[in-house]
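Chemist: The structure under discussion is supplied below as structure tokens; questions concerning it will follow.
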């Protein structure tokens, strides 16, 4: 249909958070997605996280009602357990999968299917989802996950998400740091090496790229700064000049909302990636809040709920969640406050602290 | 990414209807009462049921390879498909040239998919031969001159196979097409850092090069970031006549926030330099520019410019 979401948007819609619509959008994500989401088949765990955390920020987890236990069971069913047959393999492939698309059975080990191992982004989003649902991590194989982390860090300090051949960059340093933080065990991460990779990934413009020499980018800048914050190594990693440059680079991203690179279009998700970075750097108050808020609200889809990268495009789970998370940083009424490093509600973080005592 | 042509044409036969696959028991995704369920098409379920079976049995055959072709086209984001496909490519010693062509076809449709670019890199590594790769990246960049994956692949090619020659010319062409292409500016920094390095002559040449682009488009953040970046080892306030160039632009009523910001940096440097006799004049100049930026020229960053002002005054006091 040619009719765009935006043309259906009343002026009121543009200034109001459409809470109920977004609750419905996320609960739909948790149940059934239409056929065009086939390409998300390997990443369903991340969609689960976006939906759960979105509902959590909307203070609407009760919308999932009695499904809470079955969602927790589903998440655990995606855990890859240590191999029993091959002690040499041991923890190698442990962690969580995105789905059982590769054929492994629920709660299986690599013995069941040799190719169906864990993936760092899925392990991170699985653990975060469990926290949001109030789970106590009692079924999490912590030592196996930490052991697997050791095998996933490369000599240059970056991480690959899987033990199989895979790309490596700052995104997976972030996943590794979130996992370590949530499990309160940093023995799987060589922090000095990870920090060295981050420092080498800072560009001439003081933004941070996916890796050395690449273009500075809002997403990778967040992954780097949030990793440092989680490692409690933000202080002292950057020189004063580089730190001031980083702050300026981030502040420069704001046009109305934020873009991810100079001279690129604004996109809803950077209200979180760049916003959270500024929060962690202690500069969030430097942004122009009304313009940012206005941009994100206009990216809402009044018919289906959810948010898009720009107004007038289809919403997706990632932009819906990050849009709300970005609004939460602004202190938007109707949203719970979000932790800028872990990207989950402060309430979920509180639950994490309670687990440790 | 299912191809509507495949669904409609008589050509595609479901695997469960193929006699030559009769010996394989399809494996459904173990997903009772699942969360984030996807309404897979019949074809998608069929192909992946057989893929799962083949994976579990670790069947390394030609028919398994062709199955991964269908699977990859349906879901190019499934990293297990690509991983297994690479195993088959090696084990069956299949044509890597043909595989690169296949990879190119899918990249054209899904140019922002991580798995595709990683697959391509591995193929090129195995072949030890980058022929056609730079051209391929240029073709993709013609569709989207800022595709992050493409630039990343191009950087890898150039480093791995020493393809530095001609890159600065290519970047220059891109900048003449779009002076605001931040990826191209970044690439320029990458090439020069890795080849000649920032010798005094190179730095002088590049500063002049950048200033030319700045004069044509004074409000281009990318060029100003580049200029600031390359002169980081110098004193902005005295290097290469940059201060005069900026003041001239200012007197010509160029209202670019980046120009004013660069001048703030210059005056800040002067103000904090104990050995500068006229540093007392520089401080108010810097503060006035911050005020102008915050209230007129770059109002969205007013609070940032207020911060810069306060910091400047504090740093100045501390430097006394």
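Chains as they are written, first to last, in my numbering: chain H, 1281 to 1637; chain V, 79 to 398. Where a beta carbon is used, it is the ideal one built from N, C-alpha and C, also for glycine. Since we're looking at a predicted model, the values are computed, not measured.
1) Would you kindly report the start and end of the unbroken alpha helix (DSSP H) that includes residue 144 (chain V)?
2) Between V:394, V:331, V:264, which lies nearest to residue 1541 (chain H) when the distance is taken from Cα to Cα?
3) Give the straight-line distance between the Cα atoms of residue 177 (chain V) and residue 235 (chain V), rounded to the nearest whole angstrom.
4) To the nearest angstrom, how far is the alpha carbon of residue 1301 (chain H) from that of residue 1577 (chain H)?
5) For residue 1603 (chain H), does the three-state DSSP call read helix, strand or coil?
6) Quick one, are the C-beta atoms of residue 1449 (chain H) and residue 1398 (chain H) less than 8 Å apart?
7) Out of H:1479, H:1454, H:1538, which has the shortest C-alpha to C-alpha gap to residue 1622 (chain H)?
8) For residue 1375 (chain H), which three-state DSSP category applies?
9) So residue 161 (chain V) packs on residue 1444 (chain H), CB below 8 Å; how close in whole Å?
10) In angstroms, rounded to a whole number, what distance separates the CA positions of residue 287 (chain V) and residue 125 (chain V)?
11) If we count Cβ pairs, one from each stretch, closer than 8 Å, do we get three or more for the region 1334-1347 of chain H versus the region 1384-1391 of chain H?
12) Where do the N-terminal and C-terminal ends of the alpha helix (DSSP H) with residue 1474 (chain H) fall, by residue?
13) Under 8 Å between C-beta atoms, does residue 1601 (chain H) make it to chain V?
14) Expressed to the nearest angstrom, what Euclidean distance is found between the alpha-carbon atoms of residue 398 (chain V) and residue 350 (chain V)?
15) Please name the residue, chosen from H:1373, H:1324, H:1603, that lies closest to residue 1354 (chain H) on a Cα-to-Cα basis.
16) Note down, in chain order, each residue of its chain lying with its Cβ closer than 6 Å to the Cβ of residue 1304 (chain H), except the 5 sequence neighbours on either side.
17) By a C-beta neighbour count over all protein chains shown, 10 Å radius and 16 as the cutoff for buried, is residue 1282 (chain H) buried or exposed?
18) Taking 8 Å as the threshold (beta carbon to beta carbon), is residue 1402 (chain H) in contact with chain V?
19) Does residue 185 (chain V) come out as helix, strand or coil in the three-state DSSP assignment?
20) In the DSSP assignment, find the unbroken alpha helix (DSSP H) run with residue 367 (chain V) in it and report its ends.
21) Would you mind giving the Cβ-Cβ distance between residue 346 (chain V) and residue 390 (chain V), rounded to the nearest angstrom? I have them listed as a contact below 8 Å.
22) Check whether the Cβ of residue 161 (chain V) lies closer than 8 Å to any Cβ atom in chain H.
23) What does residue 1360 (chain H) pair with, by DSSP beta-bridge criteria?
24) Since residue 1404 (chain H) and residue 1436 (chain H) should fall inside the 8 Å C-beta cutoff, what is the C-beta to C-beta distance between them, to a whole number of angstroms?
25) Would you mind telling me which residues of chain V sit closer than 8 Å to residue 1411 (chain H), beta carbon to beta carbon, in chain order?
26) When the Cα atoms are used, what is the spatial distance from residue 1460 (chain H) to residue 1429 (chain H)?
27) Compute the distance between the beta-carbons of residue 1548 (chain H) and residue 1530 (chain H), then report whether it is under 8 Å.
28) Who pairs with residue 1618 (chain H) in a beta bridge, going by DSSP?
29) With distances taken from CA atoms, which of V:101, V:97, V:117, V:107 is nearest residue 1308 (chain H)?
30) I'd like to know whether the C-beta of residue 200 (chain V) is nearer than 8 Å to at least one C-beta of chain H.
31) Just grab the DSSP bridge partners of residue 1580 (chain H) for me.
32) With a threshold of 8 Å between beta carbons, is residue 1531 (chain H) in contact with chain V?
33) Find out if the Cβ-Cβ distance for the pair residue 196 (chain V), residue 1447 (chain H) is shorter than 8 Å.
34) Counting only C-beta atoms, is residue 150 (chain V) closer than 8 Å to chain H at any point?
35) Which residues does DSSP list as the beta-bridge partners of residue 1312 (chain H)?
36) Where residue 1284 (chain H) and residue 1590 (chain H) are concerned, what is the direct C-alpha to C-alpha distance, given to the nearest angstrom?
Modeler: Per the coordinate set shown:
1) 140-152
2) V:264
3) 18 Å
4) The straight-line gap from Cα to Cα measures roughly 13 Å.
5) Correct three-state label for residue 1603 (chain H): helix.
6) no
7) H:1454
8) strand
9) Residue 161 (chain V) to residue 1444 (chain H), Cβ: 5 Å. Contact.
10) 55 Å
11) Touching, no, given that fewer than three Cβ pairs across the two stretches are closer than 8 Å.
12) 1471-1480
13) With 8 Å as the cut-off, residue 1601 (chain H) does not count as an interface residue toward chain V.
14) 9 Å
15) For the residues H:1373, H:1324, H:1603, the minimum Cα distance to residue 1354 (chain H) belongs to H:1324.
16) The answer, listed in chain order, is 1585.
17) Unreliable positioning characterises residue 1282 (chain H) in this predicted model, as indicated by a pLDDT of 39, which lies under 50. The coordinate reading is nonetheless provided below. Flag for residue 1282 (chain H) reads exposed.
18) no
19) helix
20) 357-370
21) Distance from residue 346 (chain V) to residue 390 (chain V) at the Cβ level is roughly 6 Å; contact confirmed, criterion being Cβ atoms closer than 8 Å.
22) yes
23) H:1375
24) Wrong, their Cβ atoms sit about 21 Å apart, outside the cutoff.
25) Result: empty, since nearest Cβ-Cβ is about 16 Å, beyond 8 Å.
26) 9 Å
27) no
28) H:1625
29) V:117
30) yes
31) Partner(s): H:1587.
32) Yes, because at least one Cβ of chain V sits closer than 8 Å to the Cβ of residue 1531 (chain H).
33) Between residue 196 (chain V) and residue 1447 (chain H), the C-beta gap is smaller than 8 Å, which places the two residues in contact.
34) Closer than 8 Å: no.
35) V:115
36) With a pLDDT of 47 at residue 1284 (chain H), under the threshold of 50, the modelled position of this residue cannot be trusted; read the value that follows with caution. Rounded to whole angstroms, residue 1284 (chain H) to residue 1590 (chain H) spans 12 Å at the Cα level.
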